[in-house]
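In the working numbering, the protein residues as written are 102 to 610. Glycine residues also receive a C-beta, built at the ideal position from the N, C-alpha and C atoms. Owing to the predicted nature of the structure, the values given are computational and were not obtained by experimental measurement.
Here it is, written out as structure tokens:
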């Protein structure tokens, strides 16, 4: 099957994947107050911590998987199908070995997890079962991860988005049944993820046969040489994964060990929305990558530069209004969402969320630039920068907690400051460097988008000042009005014609 290379397909991919995210958000929105209200904030914190531990395990997997789609896509687009099969089947063998190793580690780790974490005795069994189910779910995902590359190869990540929607709906249905008709236990969340992952894994196998019939399972193609090729580039992306963990993957462990399980629970609640925004950025930004690969493979660098600039403004158009709305209405949101929290706890959660989410403005508009490191296979410098930022973050958090007595604020202050500086200074300059363009080629495009931030926040803040919010209905109406006004302001900032054209492309079909 030919790779779809038009911009319409890219925007279709964005729309479907945003819908998948919205369903995922509804699930977390539904789960959190039930768990916090019935079991406690500390119990809710262990759900996030279990997923963090899986992300630690995924570092090794990213050595092979992080760049596999690009290698397979490059070979596929050049019609070198035998080479694509070598990479495909070598990845299957590598992931199978990794899954076996992870299974052995989890078999030893989970029963003894209380030796490493502070866990209340009354939820000890629940926490252990939650971790066990999460690990099994990830092992299934790892064994079938290679079958997700077909959507990237053919630039049909909209189909993968539909699969994700199916996964989320299955998970949501299971969660509703168990939490409402059986009992309120945190391990139902992990069980739902396990079942949904299994269903989607089966669907992805069939999807690969349909989209890329030229690529098939035949282990005779598996060679250590091709696995080594993947690892040689992927090891740098593994450092990126490690850097992500150092930036925000250790915060719950640090809170658990240095501040207590209740503080960990509050932090887990506070990072729910920032993490969701980060997830949206992480979903949307790579959707531009297939087109980047096509243009770069054809040597159409000038077209690629223009497409990257369009991706920067598109990310701003999509995300600046909702990020601004959350910043302005965050306390009202948490007061309605987490009614079991005290006033002081609500204030704490709000401040932590706002401090954390500020970086999302800059992440959104520079995230597509960072994909160029993968497209050009020039990963070393960007990976080392990520790792340096991660190390600095851990050092600063420790110093702030130990000597400044800032508690949870230490975690919310350190990471965002470091990452904002990284996004502003490094991303745009490095993107221009790998494409051999003038240093400020992308920088000024990003700067122009950032000018909209204070305008959006000020406008929404003025509206909020004159309207009292006491219910979900009033919050939705006010946020809806602010969003409409916000997008009108974006139209004026970017020019009416450019804005309308971009919106039509995003939502067409």
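Whole-angstrom distance between residue j and residue i, CA atom to CA atom
| i | j | result |
| --- | --- | --- |
| residue 213 | residue 143 | 19 Å |
| residue 248 | residue 260 | 13 Å |
| residue 275 | residue 238 | 15 Å |
| residue 298 | residue 178 | 29 Å |
| residue 104 | residue 472 | With a pLDDT of only 46 at residue 104, under 50, the local geometry of the prediction cannot be trusted, and the value read off the model is given with reservation. If you take the alpha carbons of residue 104 and residue 472, they lie about 19 Å apart. |
| residue 304 | residue 336 | 29 Å |
| residue 393 | residue 587 | 30 Å |
| residue 659 | residue 543 | Because the chain is modelled from 102 through 610, residue 659 falls outside the range shown and cannot be assessed. |
| residue 418 | residue 591 | 7 Å |
| residue 269 | residue 311 | 23 Å |
| residue 506 | residue 532 | 39 Å |
| residue 563 | residue 450 | 23 Å |
| residue 251 | residue 385 | 18 Å |
| residue 457 | residue 424 | 11 Å |
| residue 120 | residue 481 | 34 Å |
| residue 429 | residue 196 | 44 Å |
| residue 581 | residue 222 | 44 Å |
| residue 320 | residue 339 | 25 Å |
| residue 500 | residue 359 | 12 Å |
| residue 348 | residue 577 | 33 Å |
| residue 354 | residue 368 | 11 Å |
| residue 495 | residue 559 | 33 Å |
| residue 462 | residue 324 | 43 Å |
| residue 497 | residue 511 | 8 Å |
| residue 200 | residue 317 | 21 Å |
| residue 162 | residue 150 | 19 Å |
| residue 125 | residue 301 | 15 Å |
| residue 131 | residue 139 | 13 Å |
Extent of the continuous alpha helix (DSSP H) run through residue i
| i | result |
| --- | --- |
| residue 196 | 182-210 |
| residue 571 | Per DSSP, residue 571 belongs to no alpha helix (DSSP H) and is neither H nor E. |
| residue 221 | Run containing residue 221: none; DSSP gives neither H nor E here. |
| residue 537 | That residue, residue 537, is in no alpha helix (DSSP H); it is neither H nor E in DSSP. |
| residue 517 | 509-522 |
| residue 301 | 288-312 |
| residue 172 | 169-178 |
| residue 323 | Element bounds for residue 323: n/a, residue is neither H nor E. |
| residue 547 | 544-551 |
Contact belief for residue i with residue j at Cβ below 8 Å, rounded distance in angstroms
| i | j | result |
| --- | --- | --- |
| residue 236 | residue 198 | The Cβ separation is near 16 Å, so there is no contact. |
| residue 378 | residue 536 | That pair is no contact at about 28 Å. |
| residue 487 | residue 341 | 5 Å |
| residue 190 | residue 397 | Rounded, the Cβ-Cβ distance is 26 Å, inconsistent with contact. |
| residue 465 | residue 583 | That pair is no contact at about 18 Å. |
| residue 169 | residue 192 | 5 Å |
| residue 331 | residue 188 | 7 Å |
Next on the checklist: In chain order, what are the residue ranges of uninterrupted alpha helix (DSSP H) at least 4 long that sit wholly in the region 428-484?
Outcome noted: 444-458, 461-471 and 473-476
Checklist entry - Quick one: complete alpha helix (DSSP H) runs, 4+ long, within the region 350-389? => result Here the runs fully enclosed are 352-355, 362-371 and 373-385.
Item to check | Whole alpha helix (DSSP H) elements within the region 226-286, 4-residue minimum | outcome: 250-254 and 258-282
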